[in-house]
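Numbering (my numbering), first residue to last: 6 to 323. All C-beta atoms in this analysis are idealised placements derived from N, C-alpha and C, irrespective of residue type, glycine included.
Here it is as structure tokens:
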């Protein structure tokens with residue numbers, strides 16, 4: 006029992022560092038870029054392809070699709086942007102969100118320490134604001150990697166625990182896997198962090214690639230909770246923005262869950278690398294990219310569906 010408690014505490018400690026590193030990176034990038042990211046989102050939305058690229062780029066920078074979507078909820082709610090413009094950025098944001106997990110799949114423990122040390126030196130000893138902001142990015146990235154490594158080390162002994170293997174086996178059920186992934190991510194409000202935990206667990210060998218896919222799908226649904234919370238009390242269009250984000254991930258999940266019953270997607274991902282962490286990162290990227298390609302022709306329909314599901318302010322008042 007004591008060993009299990011030690012594993013859980015170490016894993017939570019790694020998760021804390023992972024989330025704190027993400028927050029430091031996000032803050033550093035926002036401080037470095039100033040208001041440029043907001044102006045980019047406001048201006049470059051006339052072209053659908055450009056909007057998707059902008060959504061992906063901004064999300065890759067701030068390391069969170071939730072942050073981008075919350076920003077969009079604010080813009081649409083204040084009528085800076087329309088739903089028809091926001092839907093394409095939401096699609097791009099889902100691609101950009103995969104960047105963190107591609108990075109955490111890399112084995113760069115020595116570089117992580119150097120990034121953290123260099124970043125902290127820049128923050129503590131150099132007083133120039135711009136240098137401080139850039140240092141915050143590097144320190145955050147280093148701490149994020151250190152947190153990921155701590156999680157990976159913490160869960161290694163779990164491969165010998167029968168109860169853990171039994172729990173992992175239940176995720177072969179699509180409904181259980183998707184629901185668990187969604188609820189877990191809704192609690193910690195970061196799909197990057199939850200998929201990072203999944204990458205750590207994958208090295209134990211107790212969870213199959215097929216089960217990992219169901220968890221990934223659910224984790225991407227769970228991350229919608231942040232935008233949903235941000236839209237509460239907002240205008241009907243602000244709520245519809247959050248609804249579009251939710252619909253995108255739910256529709257993608259339904260299609261992929263059905264698809265992998267007939268297509269050896271898990272096997273293809275296993276062939277993409279010998280490292281389980283990289284396999285999961287690749288699966289998330291392919292899932293998101295294919296989802297965008299699949300739903301791209303139906304962006305306008307997503308907007309119309311969101312309007313049907315969320316009543317207008319006038320209807321709510323009547």
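The alpha helix (DSSP H) spanning residue i covers which residue range?
i           : result
residue 176 : It is not in any alpha helix (DSSP H) - residue 176 carries neither H nor E in the DSSP assignment.
residue 133 : Premise fails: residue 133 is in no alpha helix (DSSP H) and is neither H nor E.
residue 214 : 214 to 227
residue 201 : 196 to 207
residue 245 : 241 to 264
residue 299 : 281 to 300
residue 80  : 70 to 82
residue 52  : Taken as a continuous stretch (DSSP letters only), residue 52 belongs to no alpha helix (DSSP H), as it is neither H nor E.
residue 270 : 270 to 276
residue 310 : 304 to 314
residue 233 : 230 to 236
Please go through the same chain and pick out, in chain order, the residues whose beta-carbon is closer than 7 Å to the beta-carbon of residue i, but skip the five residues on each side of it.
i           : result
residue 212 : 173, 176, 206
residue 271 : 214, 215, 218, 265
residue 78  : 232, 235, 236, 239, 243, 246, 247
residue 289 : 103, 106, 200, 221
residue 29  : 141, 144, 145, 148
Looking only at its own chain, which residues have a Cβ that is under 8 Å from the Cβ of residue i, when we skip the five neighbours before and after it?
i           : result
residue 249 : 88, 91, 92, 95, 307, 308, 311
residue 58  : 97
residue 122 : 147
residue 258 : 183, 222, 223, 225, 226
With residue i and residue j assumed to form a contact (beta carbons below 8 Å), what rounded beta-carbon distance in angstroms separates them?
i           : j           : result
residue 24  : residue 232 : About 18 Å separates the two Cβ atoms, so there is no contact after all.
residue 360 : residue 153 : Not covered by the structure: residue 360. The range shown for the chain is 6 to 323.
residue 27  : residue 149 : 6 Å
residue 183 : residue 262 : 7 Å
Go through its chain and collect everything with a Cβ distance to residue i's Cβ below 6 Å, but skip five positions before and after it.
i           : result
residue 343 : This structure gives no information on residue 343, because the portion of the chain shown stretches from 6 to 323.
residue 196 : 190, 224, 225, 228
residue 53  : 93
residue 60  : 94, 97, 98
**Item:** Three-pair Cβ contact test at 8 Å for the region 73 to 88 versus the region 240 to 260
**Value:** yes
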